[in-house]
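K.L.:
Under my numbering, the residues of the sequence shown are numbered 40 to 305, in order.
Take a look at the following structure, please.
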Amino acid sequence: TLLVAPPSPPKPRVPFDLVGQALAAAAVTLLVGGLIEGGHRGWGGAPLAALVAGLVLALAFVLFERRAAHPAMPLSVFRRRPAWSAVVVGSALNFTYYGLIFVLGLYMLRALHWTPGKAGLAFLPLTATFIVSNLLSGSLVGRFGARAVTSGGVLVAACGYALTARLGQGSSLAEMLPGFALIPGGMGLAIPALTSGLLAGVDRHDAGAASGVLNACRQVGGAAGVAIFGALAGAGIVSGLKASAMIAAAMLVAAAGVLLAPARKA
């Protein structure tokens with residue numbers, strides 16, 4: 040990095056937004072904790088209280104940041120389409136992927152009665168496809184643009200989820216492999232392109248805040264997916280897997296629609 044990165048001029052010191060950071064951290068902690076606990080304890084009592092408190096603190100964070108002289112998250116950045124669409128799509132990608140991977144693990148153990156070792160080995164194709172598609176993403180962005188590659192990757196993953204919805208009580212690994220190839224293949228194309236499009240669509244001095252918000256929202260999305268899809272699986276592992284996969288496919292089709300919808304003219 041020292042040899043390749045260009046030197047940057049010194050920047051004036053900006054006061055640390057302690058209140059904003061504290062509100063954001065507390066809101067995310069309560070929201071994620073409420074989602075995780077609600078998935079296996081039910082959505083009343085403490086989980087519901089945590090979710091409500093998290094939403095209140097999230098609203099307080101937004102209101103505070105609008106008035107802060109030096110906000111941790113400049114809200115003006117997210118009035119731009121590349122920024123807010125990246126957050127929406129990135130959250131949907133993590134929600135669907137981590138939620139369904141969690142349910143698939145339960146499905147292999149409880150419905151197919153596989154050993155943990157066999158289930159772990161079954162996930163290896165996902166890693167291999169992820170690596171290949173990640174390597175291809177950059178060159179495809181250079182040729183077709185970030186928006187096209189992101190939306191294409193999202194739709195490829197949606198097809199993988201639709202195939203996964205066909206799995207049943209006695210499905211084999213061979214029946215899983217098409218979905219296992221398409222889901223990470225699409226994800227691996229979409230995520231680098233999504234980040235590239237976000238950074239290209241905001242001012243350089245806002246890039247750090249924008250990418251930080253994207254990563255935070257993706258992590259919250261992943262936790263929400265595990266909690267919600269896990270709750271569906273708790274009612275019945277095979278039916279829960281089918282419902283989760285269908286929801287995931289529909290969410291990603293909608294996410295692709297967000298990316299492909301024509302921009303409104305000013």
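In this text, a Cβ means the ideal position worked out from N, Cα and C, and glycines have one as well.
#1: What does the alpha-carbon distance come out to for the pair residue 95 and residue 66?
#2: Do you know how far the Cα of residue 174 is from the Cα of residue 161?
#3: Reducing DSSP to helix, strand and coil, say where residue 305 ends up.
#4: Write down the C-beta distance between residue 131 and residue 291 rounded to the nearest angstrom, noting that I regard them as a contact closer than 8 Å.
#5: Please report the distance separating the alpha-carbon of residue 103 from that of residue 64.
#6: Which residues in the same chain have their Cβ closer than 6 Å to the Cβ of residue 287, if we skip the five residues on either side of it in sequence?
#7: For the stretch 131–165, list the alpha helix (DSSP H) runs that are entirely contained and at least 4 residues long, ordered along the chain.
#8: Do you know offhand how far residue 117's Cα is from residue 210's?
#9: Given a threshold of 16 other Cβ atoms within 10 Å of its Cβ, counted over all protein chains shown, does residue 73 qualify as buried or as exposed?
#10: Whole-angstrom Cβ separation of residue 252 and residue 119, contact assumed at under 8 Å?
#11: Given a cut-off of 7 Å on the beta-carbon distance, is the pair residue 250 and residue 185 in contact?
#12: Can you give the Cα-Cα distance for residue 109 and residue 246, rounded to whole angstroms?
#13: Report the CB separation of residue 168 from residue 223 in whole angstroms; it is logged as a contact under 8 Å.
#14: In three-state DSSP terms, what is residue 86?
#15: Does the Cβ-Cβ distance between residue 265 and residue 137 come in under 7 Å?
#16: Quick one: grab the DSSP three-state call for residue 268.
#17: Beta-carbon within less than 6 Å of residue 260's beta-carbon, same chain only, minus the 5 sequence neighbours each way: which residues are those?
#18: Span of the alpha helix (DSSP H) holding residue 80?
#19: Compute the Euclidean distance between the alpha carbons of residue 93 and residue 77, then round it to the nearest angstrom.
#20: Distance check for residue 257 and residue 178, CA to CA, integer angstroms please.
#21: So what's residue 242 in DSSP terms, helix, strand or just coil?
#22: Look up residue 275 in the DSSP assignment and say whether it is helix, strand or coil.
#23: With a threshold of 6 Å (Cβ to nearest heavy atom), would residue 288 be considered close to the ligand SAM?
#24: Taking the alpha carbon of residue 122 as the point to measure from, which residue in 232, 157, 181 has its own alpha carbon closest?
P.N.:
On the basis of the data shown:
#1: Rounded to the nearest angstrom, the two C-alpha atoms are 8 Å apart.
#2: 22 Å
#3: Legend: pLDDT at residue 305 = 49, less than 50; position of this residue unreliable, value from coordinates given subsequently. DSSP places residue 305 in coil when its eight states are reduced to three.
#4: A Cβ-Cβ separation of about 6 Å places residue 131 in contact with residue 291 under the 8 Å criterion.
#5: 14 Å
#6: By the criterion of a C-beta distance shorter than 6 Å, residue 287 is surrounded in its chain by 135, 139, 200, once the five residues flanking it on both sides are discounted.
#7: Fully enclosed alpha helix (DSSP H) runs of 4 or longer: 155–161.
#8: 44 Å
#9: buried
#10: Not really, about 13 Å apart at Cβ, beyond 8 Å.
#11: Not closer than 7 Å, so no.
#12: 15 Å
#13: 4 Å
#14: helix
#15: yes
#16: Looking at residue 268 - three-state DSSP - the assignment turns out to be helix.
#17: 130, 133, 134
#18: 57–80
#19: 14 Å
#20: 24 Å
#21: Correct three-state label for residue 242: coil.
#22: DSSP places residue 275 in the coil class of the three-state scheme, outside both helix and strand.
#23: Absence of the ligand SAM is noted for the structure shown, with no ligands found whatsoever.
#24: The residue among 232, 157, 181 with its C-alpha nearest the C-alpha of residue 122 is 232.
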